[in-house]
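Under my numbering, think of the first position of the sequence shown as 12, with each following residue one higher.
This report concerns only the one structure given below.
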Amino acid sequence: MLVQHTRLVRDWHGTGHTVIVLDEGFEYNGQRWRSLTAVAKAITGTHWNGNRFFGLTEPRK
Numbered sequence: 012m013l014v015q016h017t018r019l020v021r022d023w024h025g026t027g028h029t030v031i032v033l034d035e036g037f038e039y040n041g042q043r044w045r046s047l048t049a050v051a052k053a054i055t056g057t058h059w060n061g062n063r064f065f066g067l068t069e070p071r072k
């Protein structure tokens, strides 16, 4: 059975980053993560809202 997962792709400072959305959590760089926020922090080195970092929500106005 073929299982398809959603992939989130983000360019950060000229480097492409791909996150696979799993049934429970996320996979990034060969590791499993509990939240997109944790992945965003690993990529940027600072705190980001994971949904916002990957463009899943609009910035507040």
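Glycine included, C-beta positions come from ideal geometry on N, C-alpha and C.
| Check | Outcome |
| --- | --- |
| Report the residue from 42, 55 and 71 whose alpha carbon sits nearest the alpha carbon of residue 22. | 55 |
| For the stretch 14 to 55, list the alpha helix (DSSP H) runs that are entirely contained and at least 4 residues long, ordered along the chain. | 47 to 55 |
| Taking only the alpha-carbon atoms, compute the straight-line gap between residue 37 and residue 71 and give it to the nearest angstrom. | 25 Å |
| Rounded to whole angstroms, what's the CA-CA distance from residue 26 to residue 20? Just pull it up for me. | 10 Å |
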